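Peer 1: Residue numbers (the numbering used here), protein chains in the order written: chain A, 1279 to 1533; chain B, 2 to 362.
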Amino acid sequence: MALLDIQLLSKSFGGLQAVGEVSFSVPQGAIKAVIGPNGAGKTTLFNLITGNLRSDSGKVLFQERPIQNMPSHKIAALGLSRTFQNIKMFHGMTALENVMVGRHTMSRAGFWGGMLNLPWARREEKEIRAKSLELLERLGIEKLADNDAASLAFGQQRAVELARALASEPTVLLLDEPAAGLNIYETAELARLICTIRDMGITIVLVEHDMSLVMDISDDIVVLSFGQKIAEGTPTEIQGNKEVIQVYLGDDSDA
Amino acid sequence: MGFKNILILVGLSLLVVVTQQVTQWTDTTFYLTQLTMAAYYSIVIIGLCLVMGYAGQISLGHAGFFGIGGYVSAALTTHNFAQYPDNPVIMSLQKVGLLVAGQDLYGGDLLTFGPWTAFLAAIGLTVLIAFAIGIPVLKLKGHYLAMATLGFGTIIYRIALASAFFGEADGISGVPGFPLFSGLEISGSFSARVANYYIAWGILLIGLILLLNLIRSRVGRALRAIHASEEAAEAMGVNAARYKLYTFVISAVFAAVAGIFLTHYNGGIGPSEAGIMKSVRYVALVAIGGMASVWGTLTLGTLLNFMSLRGMFGSYDDAFFGLILIVIMLFAPNGIFRLHLWQRLRAPFGKSSPGSTEDES
Chain A
1279 MALLDIQLLS
1289 KSFGGLQAVG
1299 EVSFSVPQGA
1309 IKAVIGPNGA
1319 GKTTLFNLIT
1329 GNLRSDSGKV
1339 LFQERPIQNM
1349 PSHKIAALGL
1359 SRTFQNIKMF
1369 HGMTALENVM
1379 VGRHTMSRAG
1389 FWGGMLNLPW
1399 ARREEKEIRA
1409 KSLELLERLG
1419 IEKLADNDAA
1429 SLAFGQQRAV
1439 ELARALASEP
1449 TVLLLDEPAA
1459 GLNIYETAEL
1469 ARLICTIRDM
1479 GITIVLVEHD
1489 MSLVMDISDD
1499 IVVLSFGQKI
1509 AEGTPTEIQG
1519 NKEVIQVYLG
1529 DDSDA
Chain B
2 MGFKNILILV
12 GLSLLVVVTQ
22 QVTQWTDTTF
32 YLTQLTMAAY
42 YSIVIIGLCL
52 VMGYAGQISL
62 GHAGFFGIGG
72 YVSAALTTHN
82 FAQYPDNPVI
92 MSLQKVGLLV
102 AGQDLYGGDL
112 LTFGPWTAFL
122 AAIGLTVLIA
132 FAIGIPVLKL
142 KGHYLAMATL
152 GFGTIIYRIA
162 LASAFFGEAD
172 GISGVPGFPL
182 FSGLEISGSF
192 SARVANYYIA
202 WGILLIGLIL
212 LLNLIRSRVG
222 RALRAIHASE
232 EAAEAMGVNA
242 ARYKLYTFVI
252 SAVFAAVAGI
262 FLTHYNGGIG
272 PSEAGIMKSV
282 RYVALVAIGG
292 MASVWGTLTL
302 GTLLNFMSLR
312 GMFGSYDDAF
322 FGLILIVIML
332 FAPNGIFRLH
342 LWQRLRAPFG
352 KSSPGSTEDE
362 S
């Protein structure tokens, strides 16, 4: 049984079908990519899985449990962590604090524990800090810990965001266009990072524009066009798929 | 809560003591009355600071919560329940000792609630109403939320003004003192003036410690995350709706506590305490203090409330706070402590350091 199973998922905006009966599954430990030209419905599909959008029909099963249309904070608590195409750092907070917010689901001090500064809440807070620093070290960005996250370079923000998403010790990591805005060196570095994360035992789903990144690291690729799944397979299969080439490069006979 | 905050708290405590000593030497102890009242108002303001500065919400209804606290406590401790001798509810309440028998000025029988019972009832009601208002209203954002909370404030004000139980336009007077422990009592009697000054500032300090702890905790971090990006905070597993609601309720309780104690200190409460102009004043004071700055809000809130209570703004009192709001929004939307006036003044005379000294709590 797959870890994450998407079944006939659909979403329309007015008369436009953004995602139409898309199905695929993600096995444990895989890197699965969703690609497609602009407007193919990639980000919509992504937001349906993470609970940021409500689907019209279809199912999302995580560990055989339906999670479609759950609020996104509950989905996060189940072990699906995500990043954003435009990063969404917590401005006015340091890089370390950003990662510490990522530990939210792994800690439990509430309003009483916080206001009364209870001993167990203090201990938990220390642990949150230590674990978050450890994560920054693991990604090689511990030097940035005390910098205001919003002041970092784009590539560094991307790394901090990854650390923040990993802080919740997720089962599945969902990356929304992680290479957007990165140069080729930063993209190569990102590819290395994603593989490291996979080696930690975390299953990865990414929506991506950057072909070279996808072809390099994915085990399996789903191709969307106008909200429909038109192909699914290994990078080699996809590269040889006629329909995919046509969608990406256009068809001479049309012109 | 951080070394810096502890230092400031110690400094503030010293300042409170020194101020009292100075009024003693200079024979100006009458100032202590307004300083006591200003301390209670500051409890409302720091609570609102949490809502506005950290959770990123606005409330133009906090005088309503202040009013609920003050009015419920005043009504329960002054209303004579001896009028309904055969009411089974009153009888059973008397039996469990919640109602206290006494005598009025003319020797008539008096049956009222004890101050602590009234306190718990007022807080309980505040929590209920804050949840009932907060659950639907906090779904709104920005000026929609401001208008909805304004509506709530208007309702409370009109209830205070129209209901005979709450004394209509006269309000409620003759509210008894509030016994704390070992003979200490919140009351306006002249002999207790110094003690009450310390009680008020003590309660304010406790409120400050609770808030500063919260801001530095996991919850405070989540609130700041919600303020920065609600979508990303949700993706980290933060239940934004619940956190905003709880923050709103906590600040409502702060306002109600201030309302209860100030009412017992003043010996009464009038409808203007629950009025819109009071809510606007609270918002103005949080804004001028810099929204997310508990210390800035506290300093300016106490100072301006003290000046207002001393009558320094005359009949233009409310107009002055309206003016503050306009000027702050135009020239210093981050509060006057973020203007770095000192650095600006120094800049023409030499090297100015670009590093700011902003306080984040």
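Cβ atoms here follow ideal geometry from the backbone N, Cα and C, with glycine treated the same way.
Everything numeric in this text was worked out from a predicted model, so none of it was measured.
(1) By the DSSP assignment, the beta strand (DSSP E) with D110/B in it spans what residues?
(2) Would you mind giving the Cβ-Cβ distance between E235/B and S1350/A, rounded to the nearest angstrom? I have them listed as a contact below 8 Å.
(3) What separation, rounded to the nearest whole angstrom, lies between the Cα atoms of Y32/B and R194/B?
(4) Would you mind stating whether F82/B and T113/B have Cβ atoms separated by less than 8 Å?
(5) With burial defined as no fewer than 16 other Cβ atoms inside 10 Å of the residue's Cβ, what is the status of D110/B: buried or exposed?
(6) Name, in chain order, the residues that DSSP records as bridge partners for G103/B.
(7) Flag T1449/A as yes if its beta-carbon sits less than 8 Å from any beta-carbon of chain B, otherwise no.
(8) As a quick exercise: from H228/B, G260/B, I216/B and Y283/B, pick the residue whose alpha carbon is nearest that of G1388/A.
(9) Beta-carbon of L1440/A versus every beta-carbon of chain B: anything under 8 Å?
(10) Spatial neighbours of V1522/A within its chain, please: CB distance less than 6 Å, with the 5 preceding and 5 following residues excluded, ordered by chain position.
(11) Please classify K279/B: does DSSP put it in a helix, a strand, or coil?
(12) Checking 8 Å against the spacing of the C-beta atoms, do Y198/B and T37/B come in under that value?
(13) List the endpoints of the continuous beta strand (DSSP E) containing K1310/A.
(14) Here's the rule: buried if 16 or more other CB atoms are within 10 angstroms of the residue's CB, otherwise exposed. What is G184/B?
(15) Going by DSSP in three states, G71/B sits in which element: helix, strand or coil?
(16) Would you mind listing the beta strand (DSSP E) stretches within the segment 1296 to 1340 of chain A that are 3+ residues and don't spill past its ends, in chain order?
(17) Could you check the C-alpha separation between F1/B and S190/B for me, to the nearest Å?
(18) When you compare only the Cα positions, how much space is there between A1/B and T30/B?
(19) Quick one: measure Cβ to Cβ for L16/B and L209/B, integer angstroms, because I've assumed they're closer than 8 Å.
(20) Looking at C-alpha atoms only, which residue of K1289/A, N1316/A, N1347/A and V1450/A is the closest neighbour of V1525/A?
(21) Do you know how far the Cα of T1465/A is from the Cα of E359/B?
(22) Quick check on the DSSP output: the beta strand (DSSP E) that includes I1499/A runs from which residue to which?
(23) Does any C-beta atom of chain A lie closer than 8 Å to the C-beta of E186/B?
(24) Classify L1468/A: buried if its beta carbon has 16 or more other beta carbons within 10 angstroms, exposed otherwise.
(25) Let me know if R1534/A comes out buried or exposed under the rule of 16 or more other beta-carbons within 10 Å of its beta-carbon.
(26) Report buried or exposed for P116/B, applying the criterion of at least 16 other Cβ atoms within 10 angstroms of its Cβ.
(27) State the Cα-Cα distance for the pair I329/B and I156/B, rounded to the nearest angstrom.
(28) In chain A, what lies closer than 8 Å to Y247/B by C-beta?
(29) Excluding the 5 residues flanking L326/B on each side, which residues of the same chain have their C-beta closer than 6 Å to its C-beta?
(30) Return the residues of the segment 1362 to 1386 of chain A that lie within a Cβ-Cβ distance of less than 7 Å from chain B, sorted by chain order.
(31) Going by DSSP in three states, A1397/A sits in which element: helix, strand or coil?
(32) Quick check on this structure: which residue in V287/B, G175/B, A257/B and L299/B has the alpha carbon closest to the alpha carbon of A1/B?
(33) Mind checking if R1360/A is an interface residue toward chain B, Cβ cutoff 8 Å exclusive?
(34) Under the rule that 16 or more other beta-carbon atoms within 10 Å means buried, what is P355/B, buried or exposed?
(35) Can you pull out the residues from the segment 45 to 67 of chain B whose beta carbon lies closer than 9 Å to at least one beta carbon of chain A?
(36) Give me the Cα-Cα distance between N1461/A and S1288/A, rounded to the nearest whole angstrom.
Peer 2: Walking through what the data contain:
(1) DSSP places D110/B inside the beta strand (DSSP E), whose first and last residues are D110 to F114.
(2) At roughly 5 Å, the Cβ-Cβ gap stays under 8 Å, so E235/B and S1350/A are in contact.
(3) Going from the Cα of Y32/B to the Cα of R194/B covers about 10 Å.
(4) Between F82/B and T113/B, the CB-CB gap stays under 8 Å.
(5) D110/B should be labelled exposed.
(6) Under DSSP, G103/B forms a beta bridge with L111/B.
(7) Proximity of T1449/A to chain B, defined by a Cβ-Cβ separation below 8 Å, is not satisfied.
(8) Comparing C-alpha distances from G1388/A to each of H228/B, G260/B, I216/B and Y283/B shows the shortest one belongs to I216/B.
(9) No, L1440/A does not count as interfacial toward chain B.
(10) Taken in chain order, the residues that qualify are V1501, A1509 and I1516.
(11) Residue state, collapsed to three classes: helix.
(12) Against a cut-off of 8 Å, the Cβ pair of T37/B and Y198/B comes out as a contact.
(13) DSSP places K1310/A inside the beta strand (DSSP E), whose first and last residues are I1309 to I1313.
(14) Label assigned to G184/B: exposed.
(15) G71/B falls in the helix class under three-state DSSP.
(16) 1309 to 1313 and 1335 to 1340, all fully within the segment 1296 to 1340 of chain A.
(17) No information on residue 1/B is available, as it lies outside the stretch 2 to 362 that chain B covers here.
(18) An answer regarding residue 1/B cannot be provided, because it is not within the stretch 2 to 362 covered by chain B.
(19) Contact flag wrong, Cβ pair sits at about 13 Å.
(20) Taking the Cα of V1525/A as reference, the smallest distance to any Cα among K1289/A, N1316/A, N1347/A and V1450/A is reached at N1316/A.
(21) Low confidence applies here, because E359/B scores a pLDDT of 41, under 50, leaving its location unreliable; read the following figure in that light. Annotation: E359/B to T1465/A spans about 36 Å, alpha carbon to alpha carbon.
(22) That run of the beta strand (DSSP E) goes D1498 to S1503.
(23) Chain A, which has no Cβ nearer than 8 Å to the Cβ of E186/B, makes this no.
(24) Burial of L1468/A is indicated by the presence of at least 16 other C-beta atoms within 10 angstroms of its C-beta.
(25) Residue 1534/A lies beyond the range of chain A shown here (1279 to 1533); nothing can be said about it.
(26) Counting other Cβ atoms within 10 Å of its Cβ, P116/B reaches 16 or more and is therefore classed as buried.
(27) So the two alpha carbons sit approximately 28 Å from each other.
(28) Listed by position along chain A, the residues whose Cβ is nearer than 8 Å to that of Y247/B are F1389.
(29) Within its own chain, the residues whose Cβ lies closer than 6 Å to the Cβ of L326/B, once the five positions on either side in sequence are excluded, are A285, listed in chain order.
(30) Of all residues in the segment 1362 to 1386 of chain A, F1362, K1366, F1368, H1369, G1370, M1371, E1375, M1378, V1379, G1380, H1382, T1383 and S1385 have a Cβ within less than 7 Å of some Cβ in chain B.
(31) Correcting the residue identity first, residue 1397/A is Pro in this sequence and not Ala. DSSP places P1397/A in helix when its eight states are reduced to three.
(32) This structure cannot speak to residue 1/B, because chain B is shown only from 2 to 362.
(33) Interface criterion met: the Cβ of R1360/A is under 8 Å from a Cβ in chain B.
(34) In this prediction, P355/B scores a pLDDT of 44, lower than 50, which makes its location untrustworthy; no coordinate-derived value is stated.
(35) The residues in question: there are none.
(36) Roughly 34 Å separates the two Cα atoms.
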